[in-house]
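Structure first, commentary second.
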Amino acid sequence: MSDIVKDSTLYRIKQIELAEAEYYKTLIKTLDKIEQEVVSLAGRLPLTDGKLIELQAAIAIRPQIKAILEKEYLAWSDTVVRDGFNKQAKRIEKTFKRIGNIPPAFQELTKGDKALIQNLKQQYFTQFKDVSNTFTRRLSEKVYQNTLIGSDFTVLQKELRQTINGIYASSDDLEAQKLVDYVNRNKFNKSKQLQVDKAVQTLQSKFARDRIGENMKRYAGQILNDSLRDFDATLNFNKSKDAGLTYVKYYGDVIPTTRQLCRNVVSGVYNKRQGGLFTIAEVNRIWSGTSWKGKKSGNPLIVRGGYNCRHQWSYVNPDWYNKAGELII
Amino acid sequence: MNIFDEIDAKSEVGEFTQDEVVAEDQEVEQEEI
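Chain order of the listed sequences is G and U. According to the working numbering, the residues represented by the first sequence are 21 to 349, in order. According to the working numbering, the residues represented by the second sequence are 2 to 34, in order.
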């Protein structure tokens, strides 16, 4: 007999992954466009013998950098938050209806749920916007500092590109560009992870590009990743609380990069009862008694394994399970 | 239209309402659990 709780949770997880991959593709296009526009804008700065000279022009460029980032990147952020969150909210509603066995009023999105959704959209949009403000400042500083010391325009150009896209910045070097395109195309293709890692290593070593460097793509990508998953977790948490579901079950794949804690919970190391059901108090105890790399502060039912965690909780009633821990609804 | 006019014209960016989520979503309807 199929397990509808498991199927519903895996459906939520899978759809988040698909949405993330789709939005990541449009993020790449957006950042490439920003890179192009910012470099073209900086290309209009006055030069003497190929060197930047005019501080006044370097200062005046800031509002235009801000405008480029807002036009391209904030529009993208709005789409992620508006469409991405709306769709995931609908999916959560769908899974609640499908699982049933709770009062019908709570199977639908309530007025309180809608208010929460609006607040979460605003909250995550603000996070995306913070990145825009930070990088408007950083890019403007690059222009100013390079003008102050009279750098070659080519130096500024490279710094602007890498501030936006990190190791994935555009390049005249055909081989480097080929590797960048390959990584961008296959980042979410699980069967090509080894090749993607190899391409990244080559960019880092052969082309001396720093992946750890602080760039806009890294920050925006991180918020994209976490916002979709945290939104799902928060709405699910609130709906389940309203519906009186106080037990939880942890779901998701175990892959080589899975954190030990997630691995242990999914594989039953911490099990308190058959079927891997935990009370919320039990989860809080496990989380507060353990520390690990990438752990996020906050409610474990929302932050889960922390940054980049792809696992999710589902909320259940212990009466839905038999003594062997099998779902009987 | 210059770049600032384009931004002003998009005043709805980042403004969210409670009504949006109610709209039918054929894409989600068709997804299989």
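All C-beta atoms, glycine included, are put in the ideal place defined by N, C-alpha and C.
Proximity to Ala24/U [Cα-Cα], best of Leu51/G, Asn342/G, Gln108/G and Asp246/G: Gln108/G
C-beta neighbour in chain U for Gln142/G, strict 9 Å: yes
Host beta strand (DSSP E) of Val220/G (start-end): Where Val220/G is concerned, there is no enclosing beta strand (DSSP E), although the alpha helix (DSSP H) it sits in stretches over Gln213 to Ser225.
Helix, strand or coil at Tyr290/G according to DSSP, with G and I counted as helix: coil
Endpoints, alpha helix (DSSP H) assigned at Gln197/G: Leu194 to Asn206
Closest residue to Gly63/G among Gly295/G, Tyr270/G and Asp172/G (Cα-Cα distance): Residue Asp172/G holds the alpha-carbon nearest to the alpha-carbon of Gly63/G among Gly295/G, Tyr270/G and Asp172/G.
Close Cβ partners of Val216/G (< 7 Å) along its chain, the five nearest in sequence each way excluded: Counting only Cβ-Cβ distances below 7 Å, and skipping sequence neighbours, we find Val203, Asn206 and Lys207.
Cα-Cα separation between Asp98/G and Gln143/G, rounded to whole angstroms: 12 Å
Beta-carbon proximity of Tyr327/G to Asn245/G, cut-off 9 Å: Tyr327/G places its beta carbon less than 9 Å from that of Asn245/G.
Beta carbon proximity, Phe173/G to chain U, threshold 9 Å: no
Cutoff 9 Å: Thr50/G Cβ touching any chain U Cβ: no
As assigned by DSSP and simplified to three states, the class of Gln19/U: Reduced to three states, the DSSP call for Gln19/U is coil.
Contact under 9 Å by Cβ, Phe257/G with Leu321/G: yes
Test: Leu265/G CB closer than 9 Å to a CB of chain U: Answer no: the Cβ-Cβ gap between Leu265/G and chain U never drops below 9 Å.
Three-state secondary structure assigned by DSSP to Lys26/G: Here Lys26/G carries a helix assignment [DSSP, helix/strand/coil].
Per-residue contacts from Gln19/U into chain G (C-beta, under 9 Å): Lys131, Lys134, Ala135, Ile137 and Gln138
Pick from Phe298/G, Arg330/G and Leu94/G that is closest to Asp274/G, judged by C-alpha positions: In the sequence under discussion, the amino acid at residue 274/G is Val, which differs from the Asp named in the question. Of the candidates Phe298/G, Arg330/G and Leu94/G, the residue whose Cα lies closest to the Cα of Val274/G is Arg330/G.
Buried versus exposed call for Gly288/G [16 or more other C-beta atoms within 10 Å across all chains shown]: exposed
Sufficient close CB pairs (3 or more, under 8 Å) joining the region 33–46 of chain G to the region 334–347 of chain G: no
Stretch pair the region 70–78 of chain G + the region 163–170 of chain G: three plus CB contacts closer than 8 Å: yes
Straight-line gap, Leu47/G to Lys237/G (C-alpha atoms, nearest Å): 8 Å
Sub-9 Å separation of Ile300/G and Val268/G beta-carbons: yes
Straight-line gap, Phe298/G to Lys91/G (C-alpha atoms, nearest Å): So the alpha carbons of these two residues sit roughly 46 Å apart.
Residues near Leu176/G by beta carbon distance below 7 Å, same chain, minus five either side: Ala62, Leu72, Lys162, Val163 and Asn166
Continuous beta strand (DSSP E) stretch holding Val336/G: start and end: Gln332 to Val336
Nearest neighbour of Thr183/G, chosen from Gln197/G, Arg157/G, Gly70/G and Asp192/G [CA to CA]: Arg157/G
Buried versus exposed call for Gly15/U [16 or more other C-beta atoms within 10 Å across all chains shown]: buried
Chain U contact residues for Leu94/G, given Cβ-Cβ distances below 7 Å: Val14 and Gly15
Separation of Thr174/G from Lys34/G, as counted between CA atoms: 43 Å
Rounded Cβ spacing between Ile119/G and Val25/G (contact assumed at less than 8 Å): 6 Å
Segment limits, beta strand (DSSP E) that includes Tyr267/G: Tyr267 to Tyr271
Cβ of Ser334/G within 9 Å of any chain U Cβ: no
Reduced DSSP secondary structure (H/G/I, E/B, other) of Leu72/G: If DSSP states are grouped into helix, strand and coil, Leu72/G belongs with the strands.
For Thr310/G, the three-state DSSP class (helix, strand or coil): The DSSP-derived three-state label of Thr310/G is coil.
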